[in-house]
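Be aware that the sequence shown starts at 1, since it is given in UniProt numbering, and climbs by one per residue.
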Amino acid sequence: MQQVRGVVAKAKGEPVSIETINIPDPGPGEAVVAISACGVCHTDLHYREGGINDEFPFLLGHEAAGVVESVGEGVDSVAPGDFVVLNWRAVCGTCRACTRGEPWYCFSTFNATRKMTLEDGTELSPALGIGAFADKTLVHAGQCTKVDPSARPAAVGLLGCGVMAGLGAAINTGNVGRGKSVAVIGCGGVGAAAVAGARLAGAGTIIAVDLDPKKLEWATNLGATHTVDAGAGDVVAAIQALTGGNGADVVIDAVGRPETWKQAFYARDLAGTVVLVGVPTPDMVIPDIPLIDVFGRGGALKSSWYGDCLPSRDFPMLVDLYQQGRLDLDAFVSEEIALEDVEAAFTKMHDGDVLRSVVVLS
1 MQQVRGVVAK AKGEPVSIET INIPDPGPGE AVVAISACGV CHTDLHYREG
51 GINDEFPFLL GHEAAGVVES VGEGVDSVAP GDFVVLNWRA VCGTCRACTR
101 GEPWYCFSTF NATRKMTLED GTELSPALGI GAFADKTLVH AGQCTKVDPS
151 ARPAAVGLLG CGVMAGLGAA INTGNVGRGK SVAVIGCGGV GAAAVAGARL
201 AGAGTIIAVD LDPKKLEWAT NLGATHTVDA GAGDVVAAIQ ALTGGNGADV
251 VIDAVGRPET WKQAFYARDL AGTVVLVGVP TPDMVIPDIP LIDVFGRGGA
301 LKSSWYGDCL PSRDFPMLVD LYQQGRLDLD AFVSEEIALE DVEAAFTKMH
351 DGDVLRSVVV LS
């Protein structure tokens with residue numbers, strides 16, 4: 001066992017604190033990872049606010065890259081010294097999704113079974129099974145994906161959650177291809193990544209929709225060909241006007257509210273695709289849409305889980321594209337901060353001042 005610093009949420013709605021964390025030696029199938037960098041994600045704030053569950057205290061942080069320090073019995077996929085991006089979908093290989101050849105939907109993903117604790121022995125709940133706002137963390141070895149060790153940790157670590165969710169919503173779930181038209185509603189971190197994904201996939205028209213001029217500027221820098229101020233008029237009509245009156249081939253809702261999902265539904269072309277990647281709250285319901293419209297417009301209504309990614313396939317490929325200058329992951333890093341700055345970063349994120357604050361540890 002060893003002791004490190006970590007950012008802990010002890011109670012609902014209370015400011016986070018830096019605590020001493022006990023990290024056990026890795027058990028079978030597990031790995032201890034020294035964290036190099038970890039992004040500040042909305043999901044971490046949801047944990048702090050009790051929006052995920054009430055299993056306090058939480059060890060926050062999950063969008064991370066680092067170096068494997070040690071591994072447990074039976075681990076041969078990674079070794080000490082490997083530079084890895086952490087993921088929260090360590091596929092099992094045996095569930096019904098995996099055995100039918102769709103491991104990106106794995107219904108039985110792995111986490112470490114040994115528990116990290118506070119100094120007094122209180123067990124911690126690691127955010128998304130990772131807990132990477134810490135000098136080191138314990139994860140399942142399947143949560144570690146080896147990538148190019150020369151890549152910038154602050155940038156590639158963001159593939160661990162939000163950036164991958166957005167890129168994958170366009171490329172994997174939306175199946176955006178060359179010449180397609182795409183609209184992205186909501187251009188925070190995930191939506192901006194969906195814009196970047198659409199550009200990477202060769203989309204011809206990429207429409208960014210948001211209320212905030214700053215976010216529209218971010219989206220433009222990442223590849224949007226047109227912008228729509230959502231507060232200036234009818235969003236559906238604006239998207240249709242930019243697509244020959246037809247609507248976009250793929251519309252991605254990166255907000256996750258009934259009103260934005262309804263906009264996405266009607267802003268797509270006939271036989272087009274709607275992708276929901278913004279996470280709704282439990283009280284939200286599908287808006288009142290006539291069933292004949294669902295039938296008559298055809299196409300597909302999809303939800304995107306983690307960008308429907310397969311980390312072992314997607315992370316190395318995307319890091320290589322980043323290294324080649326074809327995917328600007330650096331654009332998502334608004335600032336580099338210390339562990340002590342996480343609470344302030346939550347405020348900046350909530351206020352829309354940053355795409356990502358990234359905690360840099362080494």
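Cβ coordinates follow ideal geometry from the N, Cα and C atoms, glycine included.
Could you work out which residue in the options is closest to residue i when comparing CA atoms only?
i: S150; options: M349, A344, Q324, H350; result: Q324
i: G131; options: G61, T281, A300; result: G61
i: A203; options: E217, L318, A224, V4; result: A224
i: A248; options: T273, T20, C144; result: T273
i: S304; options: V275, I286, E14; result: V275
i: M317; options: C106, Q3, S36, V85; result: V85
i: A37; options: L59, G160, P28; result: G160
i: G129; options: F83, T43, G166; result: T43
i: E335; options: A345, S312, D328, F107; result: A345
i: K12; options: E55, I18, D341, L310; result: E55
i: G39; options: D353, V342, T347, D351; result: V342
i: Q2; options: S17, M116, G191; result: M116
i: G27; options: D234, H140, G233; result: H140
i: A232; options: P213, I18, A9; result: P213
i: L59; options: V78, T20, D76, D25; result: T20
i: Q301; options: V250, S77, A192; result: A small fix is needed here, since residue 301 is Leu in this sequence, not Gln. If we check each option's Cα against that of L301, V250 comes out closest.
i: N246; options: A230, D229, K180, G189; result: K180
Is it buried or exposed for residue i, if we count other Cβ within 10 angstroms and need 16 for buried?
i: D314; result: buried
i: G296; result: exposed
i: M270; result: Correcting the residue identity first, residue 270 is Leu in this sequence and not Met. When all chains shown are included, L270 counts as exposed.
i: V285; result: exposed
i: R48; result: buried
i: S362; result: exposed
i: N22; result: buried
i: L200; result: buried
i: residue 363; result: No statement about residue 363 is possible, as the shown extent of the chain runs from 1 to 362 and does not include it.
i: T243; result: buried
i: L291; result: exposed
i: A338; result: exposed
Find out if the Cβ-Cβ distance for the pair residue i, residue j is shorter than 8 Å.
i: V32; j: V67; result: no
i: T227; j: L216; result: yes
i: I185; j: V255; result: yes
i: A267; j: V236; result: yes
i: A90; j: G174; result: no
i: A170; j: V176; result: yes
i: A112; j: R5; result: no
i: A194; j: G166; result: yes
i: P57; j: L124; result: yes
i: V277; j: I239; result: no
i: V319; j: V147; result: yes
i: N172; j: D308; result: yes
i: G29; j: G74; result: yes
i: A331; j: L222; result: yes
i: R152; j: P24; result: no
Check residue i in the structure and name its three-state DSSP category.
i: R272; result: Looking at the sequence provided, one finds Gly at residue 272 rather than Arg. Correct three-state label for G272: strand.
i: V255; result: coil
i: C106; result: coil
i: T347; result: helix
i: R96; result: helix
i: A196; result: helix
i: G223; result: coil
i: F265; result: helix
i: F295; result: helix
i: L216; result: helix
i: I52; result: coil
i: D330; result: helix
i: L59; result: strand
i: P126; result: strand
i: R356; result: coil
i: G39; result: strand
i: D288; result: coil
i: A338; result: coil
Leaving out five residues before and five after residue i in sequence, what residues of the same chain have Cβ atoms less than 7 Å from its Cβ?
i: V333; result: A154, A155, R356, V358
i: P311; result: N87, R89, T145
i: C92; result: C98, C106, S108, T109, F110
i: E63; result: C38, G39, C41, G157, L158, G160, C161, G162
i: residue 363; result: Residue 363 falls outside the range modelled here, since the chain spans only 1 to 362, and no answer is possible.
i: H46; result: I52
i: G298; result: L270, A271
With a CB to CB cut of under 6 Å and the five nearest residues on each side skipped, what residues in its chain are close to residue i?
i: R178; result: G202
i: G50; result: K12
i: A198; result: A170, V176, V182, I206
i: A187; result: Note that residue 187 is Cys in the sequence shown, not Ala. Here the set comprises A208, D210, K215, A219.
i: T260; result: I185, D253
Suppose the cutoff is 8 Å on Cβ atoms and the five residues either side in sequence are ignored; what does the same chain contact list for residue i look like?
i: I289; result: K262, F265
i: P103; result: V91, G93, A97, L310
i: C95; result: C106, F107, S108
i: R257; result: G278, P280, M284
I'd like to know whether the C-beta of residue i is nearer than 8 Å to at least one C-beta of chain D.
i: G101; result: The displayed structure is made up of one protein chain only, and chain D is not part of it.
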